[in-house]
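Working notes, beginning with the structure itself.
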Amino acid sequence: GAVVSQHPSWVICKSGTSVKIECRSLDFQATTMFWYRQFPKQSLMLMATSNEGSKATYEQGVEKDKFLINHASLTLSTLTVTSAHPEDSSFYICSASASGKGYFGPGTRLTVT
Amino acid sequence: GQQLNQSPQSMFIQEGEDVSMNCTSSSIFNTWLWYKQDPGEGPVLLIALYKAGELTSNGRLTAQFGITRKDSFLNISASIPSDVGIYFCAHFGNEKLTFGTGTRLTIIP
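From first to last, the protein sequence lines stand for chains B and R. Under the numbering used here, the first residue of the first sequence is numbered 1, with each subsequent residue one higher. Under the numbering used here, the first residue of the second sequence is numbered 1, with each subsequent residue one higher.
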């Protein structure tokens with residue numbers, strides 16, 4: 001149990017375009033999901049907490065107008081990187097909590113050219 | 001904010017050797033989590049610790065919740081090639097998960 005999926009696995013986009021990443025909890029409901037970003041050889045850094053039915057909570061330094069989060073249902077949260085730039089290229093990972101433990105999606109690698 | 005420092009940063013060992021790594025925090029924790037991340041994948045939960053002094057095993061992996069509640073240890077016995085990856089300690093608090101700096105394990109053929 002506690003499976004989290006992400007789509008797509010890898011996306012390449014041109015600078016200035018927007019990209020949407022989906023995170024789904026497949027076999028449980030998640031009122032809260034988390035979005036992380038991981039640069040090469042670094043740890044995971046929390047970007048924001050996605051709350052079903054309400055606004056996301058962003059960590060300090062993360063632009064909420066650039067990284068749009070929508071938690072439309074108890075099993076789906078989306079992260080949209082708007083007007084992407086090469087410096088946004090990173091590995092984006094979502095997670096959802098069940099029974100006090102965090103379960104992670106497989107990640108989405110974003111490359112902005 | 002909370003900082004979780006892991007040591008060592010990287011390890012290079014031969015197959016069959018035992019591995020030990022630790023994680024220290026600046027705060028007292030009530031839980032410790034250990035994750036493994038394979039290249040290009042999301043982290044996978046290995047072991048969860050909920051009680052100071054607790055020792056928990058998962059196959060060849062053993063993790064301990066330090067008595068001071070500010071540290072935790074992960075041991076891997078008789079390492080095998082698929083143990084390669086990055087190991088993260090983590091703490092779930094204030095409704096979010098905070099990760100350690102990571103220990104990268106490489107197995108030398």
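C-beta: ideal position from N, C-alpha, C; glycine also. Given the structure is predicted, the values throughout are model-derived calculations rather than measurements.
Identity of the residues DSSP links to residue i by a beta bridge
i: residue 76 of chain B; result: B/24 and B/73
i: residue 109 of chain B; result: B/10 and B/91
i: residue 14 of chain R; result: R/108
i: residue 47 of chain R; result: R/34
i: residue 76 of chain R; result: R/19 and R/61
i: residue 102 of chain R; result: None, per the DSSP bridge assignment.
Three-state secondary structure (DSSP) of residue i
i: residue 88 of chain B; result: helix
i: residue 97 of chain B; result: strand
i: residue 7 of chain R; result: strand
i: residue 83 of chain R; result: helix
i: residue 90 of chain R; result: strand
i: residue 61 of chain R; result: strand
i: residue 49 of chain B; result: strand
i: residue 37 of chain B; result: strand
i: residue 71 of chain R; result: strand
i: residue 42 of chain R; result: coil
i: residue 44 of chain B; result: coil
i: residue 53 of chain R; result: coil
i: residue 82 of chain B; result: coil
i: residue 62 of chain B; result: coil
i: residue 55 of chain B; result: coil
i: residue 25 of chain R; result: strand
i: residue 18 of chain B; result: coil
i: residue 32 of chain B; result: strand
i: residue 4 of chain B; result: strand
Contacts that residue i makes with chain R (C-beta to C-beta distance below 8 angstroms)
i: residue 103 of chain B; result: 45
i: residue 107 of chain B; result: 40, 41 and 42
i: residue 122 of chain B; result: Since the first residue shown for chain B is 1 and the last is 113, residue 122 of chain B is missing from the structure and cannot be characterised.
Cβ neighbours of residue i in the same chain (closer than 7 angstroms, five flanking residues each side left out)
i: residue 90 of chain B; result: 37, 38, 39 and 110
i: residue 49 of chain B; result: 32, 34, 56 and 57
i: residue 60 of chain R; result: 76, 77 and 78
i: residue 45 of chain R; result: 33 and 35
i: residue 16 of chain R; result: 78 and 79
Contact under 9 angstroms by Cβ, residue i with residue j
i: residue 47 of chain B; j: residue 77 of chain B; result: no
i: residue 23 of chain B; j: residue 105 of chain B; result: yes
i: residue 106 of chain R; j: residue 84 of chain R; result: yes
i: residue 11 of chain R; j: residue 73 of chain R; result: no
i: residue 37 of chain R; j: residue 86 of chain R; result: yes
Same chain, Cβ closer than 6 angstroms to residue i, five either side skipped, listed in chain order
i: residue 107 of chain B; result: 91 and 93
i: residue 31 of chain R; result: 50 and 92
i: residue 14 of chain R; result: 108
i: residue 64 of chain B; result: 58
i: residue 66 of chain B; result: 82
Interface partners of residue i on chain B, CB under 7 angstroms
i: residue 48 of chain R; result: 101
i: residue 101 of chain R; result: 43
Interface partners of residue i on chain R, CB under 9 angstroms
i: residue 12 of chain B; result: Those do not exist, as residue 12 of chain B stays about 15 angstroms from chain R at its closest Cβ, beyond 9 angstroms.
i: residue 28 of chain B; result: The premise fails here: residue 28 of chain B is roughly 14 angstroms from chain R at the closest Cβ pair, so nothing lies under 9 angstroms.
i: residue 46 of chain B; result: 96, 97, 98 and 99
Amino acids of chain B, ordered along the chain, whose beta-carbon sits closer than 9 angstroms to that of residue i
i: residue 17 of chain R; result: Neighbours of residue 17 of chain R on chain B: none; closest Cβ ~23 angstroms, over 9 angstroms.
Sequence-distant residues of its chain with Cβ nearer than 8 angstroms to residue i (five each side left out)
i: residue 5 of chain R; result: 23, 24, 25, 100 and 101
i: residue 15 of chain B; result: 84, 85, 86, 112 and 113
i: residue 141 of chain B; result: Lying outside 1 to 113, the shown extent of chain B, residue 141 of chain B is not represented and no answer is given.
Contacts of residue i in chain B (Cβ-Cβ under 8 angstroms)
i: residue 105 of chain R; result: Correct list: empty, because the minimum Cβ distance to chain B is about 14 angstroms.
**Asked** Quick one, which residues of the stretch 55-70 of chain R are near chain A if we go by CB-CB under 9 angstroms, in chain order?
**Response** Among the protein chains in the structure shown, which are B and R, there is no chain A.
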